Each structure stands twice: as structure tokens, then as C-alpha cells.
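Letter 308 of the sequence shown, counting from 1, is numbered 339 in my numbering, and no numbers are missing. Cβ coordinates follow ideal geometry from the N, Cα and C atoms, glycine included. Here the structure is a predicted model, which is why all the values come from computation and not from measurement. A short write-up of the structure that comes next.
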Amino acid sequence: MKYFYLLIFFNLTYGFNLINLKSSLHNHYKNIQGRVLFPGMNGDKWWDSYMVSCPVVLPPNKKNNKWLMYYYGRDGVKWNKNITADKYLPTGYIGLAISDNGLNWSKVNGNYYKGSVMEPDNFNNSYENIHIGVSDVIYDNNKYIMHYFGSNNEKILNKTGLKMRCLVAKSKNGIDWYKFRKPSVDIGNKNEWDNLFTGFPRINKIETDNNNSKWLITYHSLTLKNNIPNFMIGAALSDNKYGNKITKKGVILKPGDKNTWDNGGVGPRHIININNTMYMFYSSEGNIFSKYAIGLAYSKDKGETWHKLRFKNKKDPGGPIFEARYNNLDAWDNYGVACPFVLKKPDGNLRMYYLGIGTTYNDTLTGAIGCVECVNNDLTKWVRV
32 MKYFYLLIFF NLTYGFNLIN LKSSLHNHYK NIQGRVLFPG MNGDKWWDSY MVSCPVVLPP
92 NKKNNKWLMY YYGRDGVKWN KNITADKYLP TGYIGLAISD NGLNWSKVNG NYYKGSVMEP
152 DNFNNSYENI HIGVSDVIYD NNKYIMHYFG SNNEKILNKT GLKMRCLVAK SKNGIDWYKF
212 RKPSVDIGNK NEWDNLFTGF PRINKIETDN NNSKWLITYH SLTLKNNIPN FMIGAALSDN
272 KYGNKITKKG VILKPGDKNT WDNGGVGPRH IININNTMYM FYSSEGNIFS KYAIGLAYSK
332 DKGETWHKLR FKNKKDPGGP IFEARYNNLD AWDNYGVACP FVLKKPDGNL RMYYLGIGTT
392 YNDTLTGAIG CVECVNNDLT KWVRV
């Protein structure tokens, strides 16, 4: 029973629920507004022909005039070392796509498995020799720093691949990566809240104009109470952007109370800084079997304490502020939205990339990457591109 509930919650965390993601299923939808990347869109010989998830997008900078999208996925039902992948986890490899406008994407043919830019290790004492997934990339001081997560053959409840750790890599060109072999945020001790795994790290400079600022790493894990998992978001402070010197801060955001929209757990998130306030866009769902949506929380004390925003037209704190097109079977994201990534475009307006989940007429779920624009910089109003 513990394992059943654990898998259900990995469904929430990484965006999938028993999904069959063959590319032909994505041609089923008549309304593809907002969809920018899906499995198999460049054929079935690529690393991501079966699953994609969790976009991380960098707009153009002074040295690169292209948009960059990092994301993870895989091409079938196996992880590395011929391990049967968990159907709830679309992890496997990390890849890169480029674009002139952030909407029309072409995949970069990387140096690893079927064109990926990073693959799991193949040596036995690695923390990530089974599967990996990207969760953040920053460009700072002419270097790319990737925060990602991975798993080795350690087991949780007799299952390989679920005991993940937060990891870091660096690159000069954004394609060839040097991995740091030590986790940035490791699994906690036996009695700590994050003793099962640490996953999906994202990093923010706390004081954006201060060169000596500390960095906030957010991640999530879960606790088991009466065999029921409780997914929560935690944080750690780092002296630098690599996360190699951290102090854990504990849990910073919990699920909502009973019968609220986000009482099923909180997971993948993205934080932006606006006018000295940190805003957290977070993924959640109402309960184990309901639909996914994206909510909003904020911090006015540099990430120390977080509060879910309240809205006049919403009964629950946090929103949601962006939802799926429920009950519209023609829409590619009719079942749920998750894994937000929010950025400021070169024109100053905000854009959000996300994982969209759809259900076809035969109740098979699909997952693809979508994009929405913020309306008048109102963080509660978004329109699909």
C-alpha cells in the first residue's frame, strides 16, 4: 500500500499518470493552441520520442541570439542499465532545443544517447546511473549551470529509481557538460522530512543586484504519515550558484487544508523576483485523483517565509491561477497543467512554459510542453500563444 500511494504522488510531482505517449496520439487533438513541443515531433529516432516533461527556458543573451529549452524525457519504457522505468516518471535523459522566438523549436543533436545532451552515468558508484531530469539552468558569468536530479540503483520500498538526489553540472557552451559528482542537496537523515529523496532543484539569487548574495535552492520531497504521502516544498541556502555549500531551511510550502484545491501535495515550482518580492508558481492538485493546476505564493523576506496569495474570485489560497481546458477533448491540455517555468522576455513581458497533460477519447493521457503569455503583467492572467 505504501508503494501504491508513493507512485500516485510521483504522478503529481513529475506530471504523468499511466501515460502512453507515442507521437501518433498527439495528432489526435484538434486544438493545439499553446503547444510548442511534444514527443516524437521530429521522428521516433530521438531520445524523447516517448515522453517529454518540465521545460527550462533561457531567452537570448549578449552572447547567444537563440532561445534555449532544456527538458527531460525518454524514448521508451526502459531507463539506463535496462531497468524498467516507472510509468509515473518521464525521466531518463536531458535534451536541448533552440528557437528564434521561443515558440518554434528545433532540437539540438547532442553527443549522447539519440541526440541528448546529458545521459545517466554508467559506473556503479554514481548517484545517477539509472535516470536523470533537468530542473533549472542559469547563465551567469559566461557559464551555464544546470541543476538537475538523478537516481541510482538504491531502492525505496523495493523499487529502483525513486531515491533521487539534487545534482549540478556546468558548461561553457550549454551543450557539453561537466558533472559535479557530489549532490547539492542530499537526502536527509532518518528522522528528517526529506529522507526518502530530494528532487527537482531550482535556484534563485536572493538579492539580484548584490554580487555577494546568497542563493536559494528549492526542491521537494515527501513524508509518509499513516502510509499516506505528504508532498512538500523545501529550501536550502547556498553560498554560491553551484550549491556546493548549503544549509537546509526545512519545509517552506505545504499542501492546502482538507477540501482545498491544492491539498493533494505541492511539487514542481518556479520562482521569479519582482520589485523585491519573490513569487513562486507551484504545481499541485486537489487530491490524489483530481486534476493538476498551477498556484501562486509569495515571500517578502527573501525567501524565509512563504504565503499563498488570496484572490477575490477564488475560495482557496494560492489560486489556482492557471488551469487546464477541462472537459474539452479537442484541446491538447484538457486534463492538467504542471511544471511551470516563468521568464521575462526581451520586451519586458512575462511568459510561462509548462507541462500540459491531455486525455484522448479512449482515456489515454498524453503530455507535451506548452507556452502562455502574461496579460498586462497580471500574474493571475495568462493566454495561450
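Between residue 314 and residue 349, the C-beta gap is not smaller than 9 Å, which leaves the two residues out of contact.
Considering only 90, 111, 280, the residue with the shortest C-alpha distance to residue 168 is 90. Per the C-alpha coordinates, the member of 383, 376, 360 positioned closest to residue 394 is 360. Nearest C-alpha to residue 188 among 377, 107, 255, 306: 255. In the displayed model, residue 145 falls within a helix according to three-state DSSP.
If you draw a straight line from the Cα of residue 327 to the Cα of residue 339, it is about 6 Å long.
By the beta-carbon neighbour count (other beta carbons within 10 angstroms, threshold 16), residue 154 is exposed. The C-beta separation of residue 125 from residue 158 comes to about 15 Å, leaving the pair out of contact by the 8 Å criterion. The segment 225–241 makes contact with the segment 249–269, as at least three CB pairs between them are under 8 Å. Taking the Cα positions, residue 179 is about 5 Å away from residue 166. Separation of the CB atoms of residue 366 and residue 412 is rounded to 22 Å, and the pair is thereby denied contact status at 8 Å. Residue 258 has its alpha-carbon roughly 28 Å from the corresponding atom of residue 215. No residue range can be given for residue 192, since it is assigned to no beta strand (DSSP E) and is classified by DSSP as neither H nor E. Rounded to whole angstroms, the Cβ separation of residue 76 and residue 145 is 7 Å, and the two are in contact under 8 Å. In summary, residue 101 is buried, with 16 or more beta-carbon neighbours lying within 10 Å of its beta-carbon over all protein chains present. Relative to the Cα of residue 377, the nearest Cα in the group 58, 282, 132, 174 belongs to 132. Within a 10 Å sphere around the beta-carbon of residue 308 sit fewer than 16 other beta-carbons, which makes this residue exposed.
Contact between residue 160 and residue 184 is confirmed by a C-beta separation of about 7 Å, below the 8 Å threshold.
Residue state for residue 59 is assigned as coil, using DSSP reduced to three classes. Contact check for residue 205 against residue 120 fails: the beta carbons are separated by 9 Å or more.
Between the alpha carbons of residue 85 and residue 217 lies a gap of roughly 21 Å. Our two residues, residue 345 and residue 59, have alpha carbons roughly 33 Å apart in a direct line. Counted as a single uninterrupted DSSP element, the beta strand (DSSP E) harbouring residue 166 occupies residues 162–171. With contacts defined as CB atoms closer than 9 Å, residue 122 and residue 164 qualify as a contacting pair. The count of Cβ pairs closer than 8 Å, one atom from the segment 218–225 and one from the segment 168–177, stays below three, leaving the stretches out of contact. Rounded to the nearest whole angstrom, the CA to CA distance from residue 106 to residue 362 is 24 Å. For residue 97, the closest alpha carbon among the candidates 115, 108, 114, 137 is that of 137.
For residue 108, no beta strand (DSSP E) run applies, since DSSP gives it neither H nor E. Burial is judged here by how many other beta carbons sit within 10 angstroms of a residue's own beta carbon; residue 305 has fewer than 16 and is exposed. Counted as a single uninterrupted DSSP element, the stretch harbouring residue 90 is not any beta strand (DSSP E), since DSSP gives it neither H nor E. Taking the Cα positions, residue 181 is about 16 Å away from residue 298.
Taking C-alpha positions only, residue 325 is separated from residue 293 by approximately 9 Å. The Cβ neighbour count for residue 194, taken over all protein chains shown within 10 Å, is at least 16; the residue is labelled buried.
Out of 336, 271, 351, the CA that lies nearest to the CA of residue 343 is found in 351. Taking a C-beta distance under 9 Å as the contact criterion, residue 274 and residue 199 qualify as a contact pair.
Restricting attention to 208, 405, 113, the CA atom closest to the CA of residue 384 is found in 405.
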